[in-house]
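Going by the numbering used here, the residue at position 21 of the sequence shown is 69; the numbering climbs one at a time, nothing skipped.
Quick reminder that beta carbons are idealized off the backbone N, C-alpha and C, glycines included.
Note that the coordinates shown come from a computational prediction; the quantities given were computed from them, not determined experimentally.
Here is the structure we will look at, set down as structure tokens.
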Amino acid sequence: AAASPQRSVVYDPSHSESEELKMRYEGRLRHALEQGALDLAFEPQLDVRSGRIGGLDCTLRWKDSELGVVTEARAMETAEASGLVRELTWWMFNNALRQGAEFAKAGLAVPLSLKVGPGGLSQPDFPEFIGRALRTWGVQPGRLIIVIQEGALTGGLDQIKELLVRLKAHGLRLGIDSFGAGASSLGNLTQLPLDEIKLGEVFTGDMKKNAP
49 AAASPQRSVV
59 YDPSHSESEE
69 LKMRYEGRLR
79 HALEQGALDL
89 AFEPQLDVRS
99 GRIGGLDCTL
109 RWKDSELGVV
119 TEARAMETAE
129 ASGLVRELTW
139 WMFNNALRQG
149 AEFAKAGLAV
159 PLSLKVGPGG
169 LSQPDFPEFI
179 GRALRTWGVQ
189 PGRLIIVIQE
199 GALTGGLDQI
209 KELLVRLKAH
219 GLRLGIDSFG
229 AGASSLGNLT
239 QLPLDEIKLG
249 EVFTGDMKKN
259 AP
């Protein structure tokens, strides 16, 4: 992986507490990556038709000695802001696929879902990295579902489509997370090679309210 860019900060007493807290998160995330202090959790998804495990949702787990338990969303947000997004994304996919290969050897060869944020998806060699990682760990491409945060689709439609086509060429599946939370239109999504769409609370909230 390419070296992460260095980030220089000049302390200003007028900085708000929130800005100082962001810097603290960035420093602790850098430390966690260097020390191997991150972990992954795999949540089984039940197939209602068969009653068996139909897939695994992989999420980042970060329990820091100073910050406590940090959510995956906060960790990814911190990585995006601090220039660590490439390193974090590469770490997540490599370790998830390594563990996925172990699950398959144990008889649990089910689809594995991982999220990728705007910074990870925008890495020019992201499709090539994914192809190498699949080959390295011997995971069948059809078992990988890359779930894209809707915010990653804010660029030009043609550019995004070209990137997703490059990813699909490896034989994996693509999804979008929490659709409806951002500015993407359903018309734009139909032009992209997506396999699944996870609805955001703007839709599911109404369903719960209107449920009998």
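7 Å CB neighbourhood of residue i in its chain, flanking five on each side removed
i	result
D243	R221, L222, G223
L212	L222, L240, P241
G253	Confidence at G253 is low in this model, with a pLDDT of 49, below 50, so the placement of that residue should be treated as unreliable; the coordinate-derived value is given next. Nothing listed; no residue qualifies.
Beta-ladder partner(s) of residue i, from DSSP
i	result
A89	T107
R97	Bridge partners of R97: none, in fact.
R221	I193
V118	W110
Assigned exposure category for residue i - 16 Cβ within 10 Å defines buried
i	result
P92	exposed
T238	exposed
L169	buried
Q83	exposed
P175	buried
A217	exposed
E135	buried
R109	exposed
K153	exposed
T137	buried
L94	exposed
L162	buried
L69	exposed
Collapsed DSSP secondary structure at residue i in the structure displayed
i	result
S161	strand
A50	Here the model assigns A50 a pLDDT of 45, short of 50, so the residue's position is not dependable and the matter cannot be decided.
D243	coil
E68	helix
G131	coil
D112	strand
G199	helix
V57	The predicted position of V57 is uncertain, since its pLDDT is 43 and thus under 50; a value taken from the coordinates is nonetheless stated next. Looking at V57 - three-state DSSP - the assignment turns out to be coil, as it is neither helix nor strand.
G102	strand
T238	coil
Q83	helix
Q188	coil
Range covered by the alpha helix (DSSP H) that runs through residue i
i	result
G167	166-169
A154	Run containing A154: none; DSSP gives neither H nor E here.
G179	174-185
Q207	205-216
Chain-order list of residues whose beta-carbon lies under 6 Å from that of residue i (same chain, five-residue window excluded)
i	result
E74	T126, S130
L86	A80, W110
Own chain residues within Cβ distance below 8 Å of residue i, not counting five before or after
i	result
R55	Because R55 carries a pLDDT of 48, less than 50, the predicted location of this residue cannot be relied on, and no value is offered for it.
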